[in-house]
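Student: Here it is, the structure in full.
2 protein chains.
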Amino acid sequence: MTQQRKVILEELKKINSHPGADEIYERVRKRLPQISLGTVYRNLEILSELGEIQNLELGGTPKRFDSNPKKHYHVRCSRCGRVDDVPIAPLKKIENEICGATVFTIIGHRLEFTGFCPECSEKNAFP
Amino acid sequence: MTQQRKVILEELKKINSHPGADEIYERVRKRLPQISLGTVYRNLEILSELGEIQNLELGGTPKRFDSNPKKHYHVRCSRCGRVDDVPIAPLKKIENEICGATVFTIIGHRLEFTGFCPECSEKNAFP
DNA sequence: CCTGAGGTTGCATTTTTTTAGCAACGCTTT
DNA sequence: AAAGCGTTGCTAAAAAAATGCAACCTCAGG
């Protein structure tokens, strides 16, 4: 756990949104101005392999990371891309639904809600 | 509906996996050797806006497209990336679960299963 | 205190994926 | 035939992510 790695983790925990590598880079750079983007990518990758953080593989967007390594769901704003946590318990039984419906061996699922965040709901109402 | 657009759509329908733009490009090129990758991207975008096809926004991976524009779920192999359809009915009531749990206005959800395809299940057993 | 093996960094570069700019082309319609 | 309009192919480049490598710590063993 190097200085860089620690700062990346700290900054990620500090942000309760779920930023992409580029935003993390910008923030970490304020504290370690000479850090490189490559290092940020490498460490985010390493941290998620270690299980300290989670690589959210949300639809279509650039990779995002979550400082909470526990499984939980997310909701994404279709307009501005903001991603929030959804505090409901994971629905394990969803996976039972597809037992006979696929030839795959199921190991998990990802559920992502889409919608509009409060700000964009307003803007959409009066565009 | 130009020749190019038609061929792209035909080739996409012909493949029952859910290829990315690059694979579609390779296939279409066999029939229209001088087509450009940009045209493929443009037309996939246009076709999905028209609702003829669907832009699968699966986690983390490059964009993939589905010739079936109806909503349905997918399962992705964690090892090789293969994506299959999951023939179960969309669970509309999932969205009710989070009524009070978020400040977002929910308009939909995406559910993606992860697992191993038959080939990779075997390979994983004896790696 | 010195040494060196191992992991990590910063930098530069490359690869991969996607989008944009633009002249030329092919259809209609007149 | 000429004008209008969308579409194409090409080139370029932006964006996102990964990689190669020399230099740099750090810490155990001497």
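Protein sequences appear in the order of chains A and B. Quick note on numbering: the first sequence equals residues 3 to 129 in my numbering. Quick note on numbering: the second sequence equals residues 3 to 129 in my numbering. For glycine and all other residues, C-beta sits at the position ideal for the given N, C-alpha and C.
What is the DSSP secondary structure of residue 36(A), counted as helix, strand or coil?
Tutor: Coil.
Student: Looking at the unbroken alpha helix (DSSP H) that takes in residue 10(A), where does it start and where does it end?
Tutor: Start and end: 5 to 16.
Student: Would you list, in chain order, the members of the stretch 94 to 118 of chain B that have their beta-carbon closer than 9 Å to a beta-carbon of chain A?
Tutor: Correct list: 96, 97, 99, 100, 103, 104, 105, 106, 107, 108, 109, 110, 111, 112, 113, 114, 115, 116, 117, 118.
Student: Give me whichever residues DSSP pairs with residue 75(B) in a beta bridge.
Tutor: Paired residues: 88(B).
Student: When the cut-off is 8 Å and only beta carbons count, does residue 15(A) lie next to chain B?
Tutor: False, the Cβ-Cβ gap to chain B never drops below 8 Å.
Student: Tell me, please, whether the stretch 16 to 29 of chain A touches the stretch 59 to 68 of chain A by the rule of three or more beta-carbon pairs shorter than 8 Å.
Tutor: Counting Cβ pairs under 8 Å, three or more are found: they touch.
Student: Taking DSSP as the reference, what is the three-state secondary structure of residue 124(B)?
Tutor: Three-state DSSP puts residue 124(B) in a helix.
Student: Look up residue 22(B) in the DSSP assignment and say whether it is helix, strand or coil.
Tutor: Residue 22(B): strand per DSSP, three-state reduction.
Student: Can you pull the chain A neighbours of residue 123(B), defined as C-beta to C-beta under 7 Å?
Tutor: Result: 107.
Student: For residue 46(B), name the three-state secondary structure that DSSP assigns.
Tutor: Looking at residue 46(B) - three-state DSSP - the assignment turns out to be helix.
Student: Would you mind telling me which residues of chain B sit closer than 7 Å to residue 65(A), beta carbon to beta carbon, in chain order?
Tutor: Correct list: 62.
Student: Looking at the C-beta of residue 82(B), does it have a partner C-beta in chain A at a distance below 8 Å?
Tutor: No, residue 82(B) does not count as interfacial toward chain A.
Student: Report buried or exposed for residue 70(A), applying the criterion of at least 16 other Cβ atoms within 10 angstroms of its Cβ.
Tutor: Residue 70(A) should be labelled exposed.
Student: Tell me which residues of the stretch 10 to 40 of chain A have at least one Cβ-Cβ distance to chain B shorter than 9 Å, keeping chain order.
Tutor: For the stretch 10 to 40 of chain A, which is checked against every Cβ of chain B, not one residue is closer than 9 Å.
Student: In terms of residues, what are the limits of the beta strand (DSSP E) holding residue 81(A)?
Tutor: From DSSP, residue 81(A) is part of no beta strand (DSSP E); its letter is neither H nor E.
Student: So for residue 113(A), helix, strand or coil by DSSP?
Tutor: Looking at residue 113(A) - three-state DSSP - the assignment turns out to be strand.
Student: Find out if the Cβ-Cβ distance for the pair residue 97(B), residue 115(A) is shorter than 8 Å.
Tutor: Their beta carbons are under 8 Å apart, which means residue 97(B) touches residue 115(A) by this criterion.
Student: Between residue 90(A) and chain B, is any beta-carbon pair separated by less than 8 Å?
Tutor: Answer yes: the Cβ-Cβ gap between residue 90(A) and chain B drops below 8 Å somewhere.
Student: Output the distance between the C-alpha atoms of residue 12(A) and residue 85(A), rounded to the nearest integer angstrom.
Tutor: So the alpha carbons of these two residues sit roughly 19 Å apart.
Student: Using a C-beta to C-beta distance shorter than 7 Å, which residues of chain B count as neighbours of residue 137(A)?
Tutor: A query on residue 137(A) cannot be resolved here, the shown segment of chain A reaching from 3 to 129 and no further.
Student: Hey, would you say residue 59(A) sits closer than 8 Å to residue 110(B), going by beta carbons?
Tutor: No, the pair does not count as a contact, with Cβ atoms beyond the cut-off.
Student: For the putative contact between residue 10(B) and residue 52(B), defined by C-beta atoms under 8 Å, what is the C-beta separation to the nearest angstrom?
Tutor: With a Cβ gap of about 12 Å, residue 10(B) and residue 52(B) do not count as contacting.
Student: What is the C-beta distance between residue 76(A) and residue 92(A), in whole angstroms, given that I count them as a contact (C-beta under 8 Å)?
Tutor: Their Cβ separation, rounded to whole angstroms, is 12 Å, which puts residue 76(A) and residue 92(A) out of contact at 8 Å.
Student: Looking at the secondary structure, which residues open and close the beta strand (DSSP E) in which residue 57(A) lies?
Tutor: Segment 56 to 58, the beta strand (DSSP E) holding residue 57(A).
Student: Between residue 42(A) and chain B, is the shortest Cβ-Cβ distance under 8 Å, so that the two count as touching?
Tutor: No, because no Cβ of chain B sits closer than 8 Å to the Cβ of residue 42(A).
Student: Measuring only the C-alpha atoms, how far is residue 151(B) from residue 44(A)?
Tutor: Missing from the structure shown is residue 151(B); chain B here goes from 3 to 129 and no further.
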